[in-house]
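Numbering (our numbering), first residue to last: 134 to 224. Just so it is clear, CB atoms sit at the ideal spot from N, CA and C, and this is done for glycine as well. Okay, so here's the structure we're looking at.
The following block contains the structure:
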């Protein structure tokens with residue numbers, strides 16, 4: 134069980150909130166374009182395997198672009214406000 138937890142921490146790629154929105158939009162657009170392109174290639178070549186290969190290549194390309202936490206994805210980090218000591222005796 135510890136091995137899985139350790140592997141989970143190594144596969145954690147933190148990025149800021151704005152970059153999460155950006156990567157979600159990019160991945161959706163790339164997958165959509167790859168799907169349409171794969172369907173068209175498969176239709177015009179009369180080869181269903183061409184559709185699968187095109188979609189697989191698009192999926193791998195999308196993973197390479199989106200998954201790693203590139204430095205550009207961490208430029209606008211959120212500065213969290215620290216906690217302050219609150220006097221609760223007045224309440």
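Quiz item: residue 189: buried (16+ other C-beta within 10 angstroms of its C-beta) or exposed?
Solution: exposed
Self-check item: Under the three-state DSSP convention, the category residue 213 falls into
Solution: coil
Practice problem: Determine the contact status of residue 191 and residue 166, defining contact as a CB-CB distance below 9 Å. | Solution: yes
Exercise. Identify which residue in 134, 147, 143 has its Cα closest to the Cα of residue 203.
Key: 147
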